[in-house]
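What follows is a single structure, written as structure tokens, with notes after it.
There are 2 protein chains.
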Amino acid sequence: MTQDLLDRRARLMGPNVPTFYETPVHIVRGQGVRLWDADGKAYIDCYNNVPHVGHCHPRVVAAIAQQSAELNTHTRYLHDGVLTYIERLTARLGHGLSQAIMVCTGSEANDIALRMAQAVTGKTGIIATDNTYHGNTTATSVLSTRRPPIGGYPPHVRLVPAPESLGTDGATPMQKAQDFANHVARAIAELETSGFGFSGLMLCPYFANEGFPVQSPGFLDPTVALVRAAGGLLLADEVQPGFGRMGTHFWGHEWLGFAPDVVTVGKPMANGYPVAAVLARPDVMAAFRGAFGYFNTFGGNPVAAAAALATLDVIDDEGLMENARVVGDYMQQRLSALRHPLLVDTRGHGFFMGAEFVQSDGKTPATDFTIAVVEAMVARGVLLNRIGRHGNTLKMRPPMPFAREDADIVVDALIDALAHTPIMKSA
Amino acid sequence: MTQDLLDRRARLMGPNVPTFYETPVHIVRGQGVRLWDADGKAYIDCYNNVPHVGHCHPRVVAAIAQQSAELNTHTRYLHDGVLTYIERLTARLGHGLSQAIMVCTGSEANDIALRMAQAVTGKTGIIATDNTYHGNTTATSVLSTRRPPIGGYPPHVRLVPAPESLGTDGATPMQKAQDFANHVARAIAELETSGFGFSGLMLCPYFANEGFPVQSPGFLDPTVALVRAAGGLLLADEVQPGFGRMGTHFWGHEWLGFAPDVVTVGKPMANGYPVAAVLARPDVMAAFRGAFGYFNTFGGNPVAAAAALATLDVIDDEGLMENARVVGDYMQQRLSALRHPLLVDTRGHGFFMGAEFVQSDGKTPATDFTIAVVEAMVARGVLLNRIGRHGNTLKMRPPMPFAREDADIVVDALIDALAHTPIMKSA
Chain A
922 MTQDLLDRRA RLMGPNVPTF YETPVHIVRG QGVRLWDADG KAYIDCYNNV PHVGHCHPRV
982 VAAIAQQSAE LNTHTRYLHD GVLTYIERLT ARLGHGLSQA IMVCTGSEAN DIALRMAQAV
1042 TGKTGIIATD NTYHGNTTAT SVLSTRRPPI GGYPPHVRLV PAPESLGTDG ATPMQKAQDF
1102 ANHVARAIAE LETSGFGFSG LMLCPYFANE GFPVQSPGFL DPTVALVRAA GGLLLADEVQ
1162 PGFGRMGTHF WGHEWLGFAP DVVTVGKPMA NGYPVAAVLA RPDVMAAFRG AFGYFNTFGG
1222 NPVAAAAALA TLDVIDDEGL MENARVVGDY MQQRLSALRH PLLVDTRGHG FFMGAEFVQS
1282 DGKTPATDFT IAVVEAMVAR GVLLNRIGRH GNTLKMRPPM PFAREDADIV VDALIDALAH
1342 TPIMKSA
Chain B
922 MTQDLLDRRA RLMGPNVPTF YETPVHIVRG QGVRLWDADG KAYIDCYNNV PHVGHCHPRV
982 VAAIAQQSAE LNTHTRYLHD GVLTYIERLT ARLGHGLSQA IMVCTGSEAN DIALRMAQAV
1042 TGKTGIIATD NTYHGNTTAT SVLSTRRPPI GGYPPHVRLV PAPESLGTDG ATPMQKAQDF
1102 ANHVARAIAE LETSGFGFSG LMLCPYFANE GFPVQSPGFL DPTVALVRAA GGLLLADEVQ
1162 PGFGRMGTHF WGHEWLGFAP DVVTVGKPMA NGYPVAAVLA RPDVMAAFRG AFGYFNTFGG
1222 NPVAAAAALA TLDVIDDEGL MENARVVGDY MQQRLSALRH PLLVDTRGHG FFMGAEFVQS
1282 DGKTPATDFT IAVVEAMVAR GVLLNRIGRH GNTLKMRPPM PFAREDADIV VDALIDALAH
1342 TPIMKSA
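Dropping the structure here:
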């Protein structure tokens, strides 16, 4: 069956279409933090952030079903749903971020955010880190370094070295913060010299794709001062840390402690219904709306609004942010008690946790070993994955109703997997 | 109530957010080709192509509800739904277009199509018409001319004059076709001289946003020969004509009579669930997948696949393409019998129809008059809109279950609206 599906994928979707795991799983059902494959094997989901309030949450499913049966048009007609949702969502934001554009994907949201920075500044130069991902559109994908675009990297993009969690020779948090700011300062200067000018800095406030190396609020302070002085915008990609995942804070930028000009949200927003948004101050929104015509057919349609509103309600009514704090703390304590020759760091915040492995020399990334651990966990019925520049950090990012008992199951499985995964020479 | 919603929109969404009609309608319920506003007033929908098989079609609603309750993940796990859908959809296509990337919006699809042309040719120059729309991402929006982007129009884009339906001084269809091809030839030469090179031509095979001026299959033949000779790709944006709307053909390119290298689909694909796709030959797909990393979180998820599959089933089971042919023909006959001093042309194919108005001089677009007719139709409970370079053509593009009786209601309302709309001096 799996081979048949893989053959059909190759025939129908072409080569290089990503799957998870060496033997991809064939999932057929989900509920809460559990998934089941076609053979009836159960998995605990310690990875997926899209089913934010749990797979197939009945309230979100009901909202989608009910609104789909009643009306699904677009925002060129007036409808209460999208307005109520924007009111509810912007009430969670400070810093004057009171307006929204509703779209369908985080990529579309970030694609707009880049243009908001252009509209405000009249300039096009943009800065991101060199180990990030902000989307799959032409404009956002050039912020990733996986492959050079046809025609080469566009000269209006400057990538600065992503912060590292290890190997910084005992630098203090303040030194790391200044080091990052120095790279940003150099990039701003280059953009200004080049004639593109500096429009903004786009980053994930938790540096999620970078392997969440930054664990100190205040890290961005010197950078923020620089960006402000240069007249650029701070574009916070909250697709991963947003909606309470941090446990202590509803947003990553609240935790990191800075005031973004634009916030983008996506994946977890409607528990899997394709919806995303750009949140901005009225002055930024007006600049964008004055400079660019923009309409999104599906964005903010009545079903999208209903699904997103139900998701927000469940986060509140089930106390899921507090759950991420309490269970996240508990799981991180258990992770920090793990001992293994290649395990050099466990870290995380709320329901975004990692465990980093390096070879016995104490510095070379143990990527192959980490791959083997992921596979061993899948075999044990736990879905998680890897992250970071070298893919040597386990990425644990469960749906928000993840319970203390689920944390125990995952950590116990990890203890067992670590005990049974051979330490290869190449690790 | 309407004013309250408008105030909230301005507060929450900012300025320049498009609505339809001088007094925007507040729609709260839909079923089939009928919509109802908050006051209980019924409208016949003669405009929306997203609810392709009718607003809130029970089979599509049931498919969404059922799959949402069972599983909604992403294509990094194996799932039958997306494969079955791609099999079913590509079976409708010739020309070796057997593979698909599933995304969420037509904009995302066209953004990929542009990169497919780049990947195949190694070049970036692209051609479109000067009165078109292929999406709202940074890369696709520069194919529209509404407003210059920050930093100016990118030099790798060349826009050729859109075909016109009127004012071509009695040119034969073959002359018009050659004229268009000559513009494309000039644009190809410019791109090759400029160093960008020529990657492809993107167009809607029905020239929908151009006001569907081309009514002659074969129009594109000389252009196709040129594009092939220059090694470029033909990118067919089927977001509007696709899925049987033409009545006689499932796709616009089938009707126009050419073999595209890439086809993009969107709006009507899943009756309002946010899903879209790029369809290509395996060689084109392999080039894209080799040159660009691409993954779309929501694209082709199990619910999207279920909604799209149900929509395709309904098109077949309810004979909606044939309905578009028969009722479309009938409505066009009735439209062609209309007489009004400013009405100079009615045209259309299947369920995509227009009526063009010019001032008494026989050539100046009667834009204001057309606006007044649209408003008069809304007052009479018919939703339609305007299209074309000067917005002086009524655009009638109803959901596919539109019946002969619905056509009569619309045409009778139009007769009444024309009789009661004053012919202003500025028209």
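From first to last, the protein sequence lines stand for chains A and B.
With the working numbering applied, the first sequence corresponds to residues 922 to 1348, in that order.
With the working numbering applied, the second sequence corresponds to residues 922 to 1348, in that order.
Quick reminder that beta carbons are idealized off the backbone N, C-alpha and C, glycines included.
Everything numeric in this text was worked out from a predicted model, so none of it was measured.
Cross-chain neighbours of residue i in chain C, by beta carbon under 9 Å
i: residue 1144 of chain A; result: In summary, chain C is missing from the structure at hand, where the protein chains are A and B.
As assigned by DSSP and simplified to three states, the class of residue i
i: residue 957 of chain A; result: strand
i: residue 962 of chain A; result: coil
i: residue 1316 of chain A; result: strand
i: residue 1350 of chain B; result: Past the boundaries of the shown model lies residue 1350 of chain B; chain B is included only from 922 to 1348, so the question cannot be answered.
i: residue 1286 of chain A; result: strand
i: residue 943 of chain A; result: coil
i: residue 1218 of chain A; result: coil
i: residue 999 of chain A; result: strand
i: residue 1071 of chain B; result: coil
i: residue 1004 of chain B; result: helix
i: residue 1274 of chain B; result: strand
i: residue 1079 of chain B; result: strand
i: residue 971 of chain A; result: coil
i: residue 1165 of chain B; result: coil
i: residue 1014 of chain B; result: coil
i: residue 1299 of chain B; result: helix
Straight-line Cα distance separating residue j from residue i
i: residue 996 of chain B; j: residue 1306 of chain A; result: 15 Å
i: residue 1186 of chain B; j: residue 923 of chain B; result: 34 Å
i: residue 944 of chain A; j: residue 969 of chain B; result: 44 Å
i: residue 1062 of chain A; j: residue 1054 of chain A; result: 7 Å
i: residue 1240 of chain B; j: residue 1272 of chain B; result: 14 Å
i: residue 1245 of chain A; j: residue 1236 of chain A; result: 11 Å
i: residue 1248 of chain A; j: residue 1175 of chain A; result: 20 Å
i: residue 993 of chain A; j: residue 1226 of chain A; result: 10 Å
i: residue 975 of chain B; j: residue 1159 of chain A; result: 36 Å
i: residue 1333 of chain A; j: residue 1339 of chain A; result: 10 Å
i: residue 1344 of chain A; j: residue 1068 of chain A; result: 31 Å
i: residue 1032 of chain A; j: residue 1199 of chain A; result: 10 Å
i: residue 952 of chain A; j: residue 1180 of chain A; result: 36 Å
i: residue 1009 of chain A; j: residue 1212 of chain A; result: 27 Å
Span of the beta strand (DSSP E) around residue i
i: residue 1200 of chain B; result: 1197 to 1201
i: residue 1120 of chain B; result: 1119 to 1124
i: residue 1111 of chain A; result: Residue 1111 of chain A -> not in any beta strand (DSSP E); alpha helix (DSSP H) instead, spanning 1094 to 1115.
i: residue 1330 of chain B; result: Residue 1330 of chain B -> not in any beta strand (DSSP E); alpha helix (DSSP H) instead, spanning 1325 to 1341.
i: residue 1306 of chain A; result: 1306 to 1308
i: residue 1131 of chain B; result: Here residue 1131 of chain B belongs to no beta strand (DSSP E), and DSSP marks it neither H nor E.
i: residue 1020 of chain A; result: 1020 to 1024
i: residue 1149 of chain B; result: Taken as a continuous stretch (DSSP letters only), residue 1149 of chain B belongs to no beta strand (DSSP E), being part of the alpha helix (DSSP H) at 1142 to 1150.
i: residue 951 of chain B; result: 948 to 952
Start and end residues, alpha helix (DSSP H) containing residue i
i: residue 1250 of chain A; result: 1241 to 1257
i: residue 989 of chain B; result: 979 to 991
i: residue 934 of chain B; result: 923 to 934
i: residue 1280 of chain A; result: It is not in any alpha helix (DSSP H) - residue 1280 of chain A carries neither H nor E in the DSSP assignment.
i: residue 1177 of chain B; result: 1173 to 1177
i: residue 1158 of chain A; result: Premise fails: residue 1158 of chain A lies in the beta strand (DSSP E), 1154 to 1158, not in any alpha helix (DSSP H).
9 Å Cβ cutoff, residue i in contact with chain B
i: residue 1209 of chain A; result: yes
i: residue 1112 of chain A; result: no
i: residue 973 of chain A; result: no
i: residue 1039 of chain A; result: yes
i: residue 1032 of chain A; result: yes
i: residue 1059 of chain A; result: yes
Anticipated Cβ contact below 8 Å, residue i with residue j, distance rounded
i: residue 1144 of chain B; j: residue 973 of chain B; result: No, residue 1144 of chain B and residue 973 of chain B are not in contact; Cβ-Cβ is about 29 Å, not under 8 Å.
i: residue 1315 of chain A; j: residue 1291 of chain A; result: 7 Å
i: residue 1120 of chain A; j: residue 1038 of chain A; result: 4 Å
i: residue 1105 of chain B; j: residue 1122 of chain B; result: 6 Å
CB contact below 9 Å: residue i versus chain A
i: residue 1329 of chain B; result: no
i: residue 1243 of chain B; result: no
i: residue 1188 of chain B; result: yes
i: residue 1161 of chain B; result: no
i: residue 1316 of chain B; result: no
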